[in-house]
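Peer 1: Taken in order, the sequence shown gives residues 126 to 383; the numbers are from our numbering. Glycine is no exception: its CB is placed at the ideal position from the N, C-alpha and C atoms. Treat the numbers as computed from the prediction; the structure is a model and nothing was measured.
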Amino acid sequence: KHPSRGPSAYLVGKVFDETGDRLTPSKSKKSSGRVVRYYYSNRLISGGADPTGWRLRADMLEQLLSEIVGTRLSEALSQFRLAPRIKPHELNDATDRLAALDTKETLDLIARVDLSETKASIQLDVDKVGALVQIETNKLNLDYLRTEEPIVLRKRTNGSKLTWIGYKGEPNHALIRAIVTAQAWVDEIKDGKTINALTKSHGISSTMIWKRISLAFLSPKLIAEIIGGTSIHELTIEMLISKDVPLDWAEQEAMFLG
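1) Taking the runs of the alpha helix (DSSP H) that are 4 residues or longer, which of them lie wholly in the stretch 158–212?
2) Using 8 Å as the cut-off, can you tell me whether the stretch 212–228 makes contact with the stretch 187–197, which would need three or more C-beta pairs spanning the two stretches below that distance?
3) Quick one: does Ser241 have its CB under 7 Å from some CB of chain C?
4) In chain order, what residues of the same chain lie with their CB nearer than 6 Å to the CB of Asn217, ignoring the 5 residues before and after it?
5) Please list, in chain order, all residues of the same chain as Ile314 whose beta carbon is under 8 Å from its beta carbon, the five residues on each side excluded.
6) Closest by CA to Leu190, which one among Ser166, Ser246, Lys325, Trp374?
7) Report buried or exposed for Gln204, applying the criterion of at least 16 other Cβ atoms within 10 angstroms of its Cβ.
8) If you draw a straight line from the C-alpha of Leu343 to the C-alpha of Trp374, how long is it?
9) Buried or exposed: Arg162, going by 16 or more other Cβ atoms within 10 Å of its Cβ?
10) Whole angstroms are fine: how far does the CA of Val258 sit from the CA of Asp221?
11) Buried or exposed for Trp335, going by 16 or more other Cβ atoms inside 10 Å?
12) Could you tell me the distance, in whole angstroms, from the CA atom of Arg90 to the CA atom of Ser153?
13) Which word fits Gly145, buried or exposed, when buried means at least 16 other C-beta atoms lie within 10 angstroms of its C-beta?
14) Would you decide whether Leu312 is buried or exposed? Buried here means 16 or more other CB atoms lie within 10 Å of its CB.
15) State the CB to CB distance for the pair Ile235 and Leu249, rounded to an integer number of angstroms; the pair is presumed to be in contact (CB under 8 Å).
16) Enumerated in chain order, which unbroken segments of the alpha helix (DSSP H) with a length of 4 residues or greater are wholly contained in the stretch 353–381?
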């Protein structure tokens, strides 16, 4: 059963598999009550089981494509390739606007995506990119509005996983420090220290401690990927201290590692 899509299907009508079949957004409710969004090859919904059909976790696909588009546009802008005649102050302003985009706004720049098991072909919308950069579209180098990126598809029972192999992550040092600090707080609490004593000895608020102490209970596998810089590029402190993050390690790994 595939319930109707929710309001946050940012790529509706834009993504196609290697047969040219459109990927349709849908969502599924787990036994735990958590709702997980997917993109399915349309033939799986209209015609039933098909081993060639795609089933991708929506958050993973959206994050991957947002990351690729943001990275490649930033490179093309800063190297004066996308808009060769742009002035330095215009470049700075355009770079700031690009950096300020959230996932939904970045994905809105996409006109079409074609996926295969080895590559993602992404075509950007010339008018939307022109509006973002604030440059007339006839002054944009259209070659940089299309990119083909190497990816790896791994079929899994809970939805196939896509990995962008053109990007190597760097460890998020702020997140690593926050995890180590949270683990130290837990050790101090085990030794008999109260939250009130922690706030006094570390000079921080109890609100901060209660918010961040959950980082001490992340899955060891997830922590290893964070330290190695191989986790989702934009995995942040704010994302991981959200009340939506489950305590169960297997659920954490399904949510963040795909």
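Peer 2: Taking the definition as stated:
1) 167–172, 183–203
2) yes
3) Given the protein chain composition of this structure (a single chain), no chain C is represented.
4) none
5) Ile320, Leu323
6) Ser246
7) exposed
8) In a straight line, the C-alpha of Leu343 is about 7 Å away from that of Trp374.
9) buried
10) 10 Å
11) exposed
12) Nothing about residue 90 can be reported from this structure: the residues present for the chain run from 126 to 383 only.
13) It counts as exposed.
14) Checking the sequence, you will find Asp at residue 312 rather than Leu. Asp312 should be labelled exposed.
15) 6 Å
16) The stretch 353–381 contains these whole alpha helix (DSSP H) runs: 362–365, 374–381.
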